[in-house]
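Participant: Reading the sequence shown from the start, the letters are residues 300 to 532 in this note's numbering.
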Amino acid sequence: LRKISDKPIKYVAYSHSHWDHISGGQVFKDQGAEFVAHQKCEENWLNNPNPNVVKPDIVFDKTYTISVGTPSLEMHYWGPSHDNCRVGFLIRPDRIMFIADDANPPNGWNMLYGAGLADTYIFNLVPFFLQAEKLAEREGVESVIGSHMSFDKNPMNLVSGTIGSARVIKEQRLFYQSVIEAVEKAMANGIANKNIPDYLIEQKVLADKIIGYDEAKMKVLYKRITNFLITGE
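#1: For my contact list, Met-374 and Val-386 are in at a C-beta cut-off of 8 Å; report their separation, rounded to the angstrom.
#2: Just confirm the distance between the C-beta atoms of Val-482 and Leu-429, as a whole number of angstroms; I'd bet it's less than 8 Å.
#3: Pick helix, strand or coil for Arg-472, following the three-state DSSP scheme.
#4: Do His-320 and Cys-384 have their C-beta atoms closer together than 9 Å?
#5: Which residue from Ile-500, Lys-508, Ile-479 and Leu-505 puts its Cα closest to that of Asn-526?
#6: Based on Cα-Cα distance, which residue from Tyr-376, Asn-346 and Leu-345 lies nearest to Asp-360?
#7: In this structure, what does DSSP give as the bridge partners for Leu-389?
#8: May I ask you to report which of helix, strand or coil DSSP gives Asn-295?
#9: Taking 9 Å as the threshold (C-beta atoms), are Ala-431 and Ala-402 in contact?
#10: When the Cβ atoms of the region 418-426 are set against those of the region 338-358, are three or more pairs found closer than 8 Å?
#11: Can you tell me which of Leu-345, His-317 and Lys-433 puts its alpha carbon nearest to the alpha carbon of Arg-472?
#12: I need the DSSP call for Asn-346, collapsed to helix, strand or coil.
#13: Using only the heavy atoms of the ligand SAM, determine whether one of them is closer than 8 Å to the beta carbon of Asn-403.
#14: Roughly how many angstroms separate the alpha carbons of Ile-308 and Ile-495, rounded to a whole number?
#15: Contact check, His-447 vs Tyr-412 under 8 Å by CB: the rounded distance?
#16: When you compare only the Cα positions, how much space is there between Ile-303 and Asn-406?
#17: If you reduce the DSSP assignment to three classes, tell me which class Ser-304 lands in.
#18: At the level of alpha carbons, what is the spacing between Leu-345 and Asp-356?
#19: Report the rounded CA-to-CA distance for Val-335 versus Tyr-313, giving the unit in angstroms.
#20: Among residues of its own chain, excluding the 5 on either side of Thr-419, which ones have a beta-carbon nearer than 8 Å to its beta-carbon?
#21: Would Ser-442 and Arg-394 qualify as a contact pair, given that the criterion is a beta-carbon distance under 9 Å?
#22: Between Arg-523, Cys-340 and Glu-436, which lies nearest to Arg-466 when the distance is taken from Cα to Cα?
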């Protein structure tokens with residue numbers, strides 16, 4: 300940060316409550332920075348505190364804007380998704396968006412690195428990304444910052460910092476939507492619930508669409524979606 304600016308760090312914005320994204324902020328707190336997060340992130344911290352995670356100073360419900368002169372960061376909450384408090388970021392005036400752990404350039408059809416979707420609220424994934432799409436379209440967003448690097452035709456790599464087209468927001472929504480619809484169709488066709496993952500893999504459903512398609516991971520993902528459609532969780 301010092302290489303690009305000598306200005307003080309006034310705010311730290313939490314994208315969600317997963318420790319791999321929000322640990323280590325004390326160095327900024329010691330310099331007087333205020334920490335901003337959705338109110339459910341604060342609840343998560345209170346229920347499961349981590350000494351390496353700074354408790355939020357400012358919490359909000361639906362939207363919050365951090366302004367430092369002309370530049371600003373909008374934080375939008377569209378309900379539970381990757382965890383129960385993830386928000387979408389809109390950076391102004393550049394009109395760049397950031398959605399942690401999803402919508403990673405250059406393509407939203409990349410194979411998930413965490414196919415089990417632990418701590419993911421599947422019921423709201425598609426609505427979440429529809430809201431993100433609407434915001435991007437309304438505000439003329441052209442670019443998205445990724446939190447995990449991905450490469451066309453290869454599995455995702457856990458390296459931070461890509462930037463690419465905002466179309467990946469729609470692609471990410473279509474990824475989740477297509478997987479859910481594939482399982483729903485198998486159920487409607489009378490495939491036994493326990494056999495659905497193997498059946499979809501044998502039929503090569505989405506194999507030509509998902510970049511870095513991995514049968515082992517897809518089996519885990521299909522099983523997770525099947526359980527969700529059975530239990531609602």
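We put the beta carbon where it would ideally sit given N, CA and C, even for glycine.
Just so we're clear, the structure is a prediction, and the values are computed from it rather than from any experiment.
Facilitator: According to the structure data:
#1: 5 Å
#2: About 20 Å separates the two Cβ atoms, so there is no contact after all.
#3: In the structure shown, Arg-472 adopts helical secondary structure according to DSSP, grouped into three states.
#4: no
#5: Ile-479
#6: Tyr-376
#7: Paired residues: Glu-373 and Met-396.
#8: Nothing can be reported for residue 295: it is not among the residues displayed for the chain, which extend from 300 to 532.
#9: yes
#10: Contact between the region 418-426 and the region 338-358 is absent, because fewer than three Cβ pairs lie under 8 Å.
#11: Lys-433
#12: helix
#13: The ligand SAM is absent from the structure shown, which contains no ligands of any kind.
#14: 50 Å
#15: 7 Å
#16: 28 Å
#17: Looking at Ser-304 - three-state DSSP - the assignment turns out to be coil, as it is neither helix nor strand.
#18: 13 Å
#19: 6 Å
#20: Ser-380, His-381 and Asp-382
#21: In this structure, Ser-442 sits near Arg-394, with a CB-CB distance shorter than 9 Å.
#22: Glu-436
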